[in-house]
Amino acid sequence: MMVLSKKPPTDPAQVLQDTVREWHFHIYFLQQNEEQATAALALRDAVLRLRRHGVFVAVPLWRVNTSPIGPHPVGSYEIWVPKESFADVYSYLALNRGELSILIHPLTKQERLDHSHRNSWMGPSFPLNLDVLPVESDSVPLQYPSLQLGYSSKEKDISLEERDSRGAALEEKLKGEEEAAPAPKD
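Heads up, the sequence shown is in this note's numbering, so the first residue is 66 and it goes up one at a time.
Next up, the structure:
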């Protein structure tokens, strides 16, 4: 069982090290429902077209599951998304999923927690068979390292000093905004 920390971490170096760099979006459909199956495949094709046009990086797995598989209780397919495209893909799917449900979870060494506690849903959730997932793996399951995105990225992160500078500038700009809460002075 996952124990929630009483105090969220605030050490910038640790938080940045722990950043999730790759995600899965699982599009669910009732496999016996022709309308849902058609909508799910149309959404998949739309994502593939938009990827081809450079709108975002999203890689649907070649396989579409027409029956339950792994922890997924209904028809589904997976879309891998690196952090570099997360907001764009999330936005697109939120606006265009129709009646389909989508499970979103991070990719870490702890697949069971990723699917059970670190997940989110667009639309109604489905019960998952978590027993088929490992509790802890030796490494993050890398996908598509040839793209050099997500965990495989070669880009250098912004330094902590630059982040501090940007954060201070942002706090200064927000001083005049009545609705914005100021950061604690610790």
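Positions of the beta carbon are idealized from the N, C-alpha and C atoms, including for glycine.
Bear in mind the structure is a predicted one, so any value in this text is a computation, not a measurement.
Starting from residue i, follow the alpha helix (DSSP H) in both directions and report where the run begins and ends.
{"i": "residue 178", "result": "176 to 181"}
{"i": "residue 226", "result": "225 to 239"}
{"i": "residue 153", "result": "151 to 161"}
{"i": "residue 197", "result": "Here residue 197 belongs to no alpha helix (DSSP H), and DSSP marks it neither H nor E."}
{"i": "residue 77", "result": "77 to 82"}
Which partner residues does residue i have in the DSSP bridge list?
{"i": "residue 166", "result": "93"}
{"i": "residue 88", "result": "146 and 171"}
{"i": "residue 124", "result": "145"}
{"i": "residue 98", "result": "Residue 98 pairs with nothing; no bridge assigned."}
{"i": "residue 137", "result": "134"}
Have a look at the options and flag the residue whose alpha-carbon is nearest the alpha-carbon of residue i.
{"i": "residue 176", "options": "93, 245 and 88", "result": "88"}
{"i": "residue 173", "options": "154, 208, 244 and 103", "result": "208"}
{"i": "residue 210", "options": "146, 135 and 169", "result": "146"}
{"i": "residue 81", "options": "219, 224, 203 and 240", "result": "224"}
{"i": "residue 98", "options": "236, 119 and 140", "result": "140"}
{"i": "residue 229", "options": "170, 71, 78 and 73", "result": "78"}
{"i": "residue 205", "options": "184, 233, 83 and 234", "result": "83"}
{"i": "residue 180", "options": "90, 73 and 71", "result": "90"}
Over what stretch of residues does the beta strand (DSSP E) that includes residue i continue unbroken?
{"i": "residue 147", "result": "140 to 147"}
{"i": "residue 185", "result": "185 to 187"}
So, for residue i: in the same chain, excluding its five sequence neighbours on each side, which residues have a beta-carbon less than 6 Å away from its beta-carbon?
{"i": "residue 252", "result": "The question about residue 252 has no answer here: the residues shown for the chain are numbered 66 through 251."}
{"i": "residue 188", "result": "166"}
{"i": "residue 121", "result": "150, 153 and 154"}
{"i": "residue 233", "result": "none"}
If I measure Cβ to Cβ from residue i and keep anything under 8 Å in the same chain, skipping five residues before and after, which residues do I get?
{"i": "residue 108", "result": "92, 158, 161, 162, 163 and 165"}
{"i": "residue 96", "result": "102, 131, 132, 139 and 140"}
{"i": "residue 239", "result": "245 and 247"}
{"i": "residue 190", "result": "166 and 168"}
{"i": "residue 197", "result": "135 and 136"}
{"i": "residue 116", "result": "122, 123 and 124"}
Which whole-angstrom value describes the C-beta separation of residue i and residue j, a residue pair presumed to lie in contact below a C-beta threshold of 8 Å?
{"i": "residue 249", "j": "residue 194", "result": "Actually they are not in contact, since the Cβ atoms of residue 249 and residue 194 sit about 42 Å apart, beyond 8 Å."}
{"i": "residue 126", "j": "residue 142", "result": "6 Å"}
Beta carbon of residue i: closer than 7 Å to some heavy atom of the ligand GTP?
{"i": "residue 191", "result": "As presented, the structure is devoid of all ligands, the ligand GTP included, so that no description of it is given."}
Take residue i and list the residues in its own chain whose beta-carbon comes closer than 7 Å to its own, dropping the five residues that flank it on each side.
{"i": "residue 202", "result": "174 and 176"}
{"i": "residue 112", "result": "123, 125 and 144"}
{"i": "residue 192", "result": "138"}
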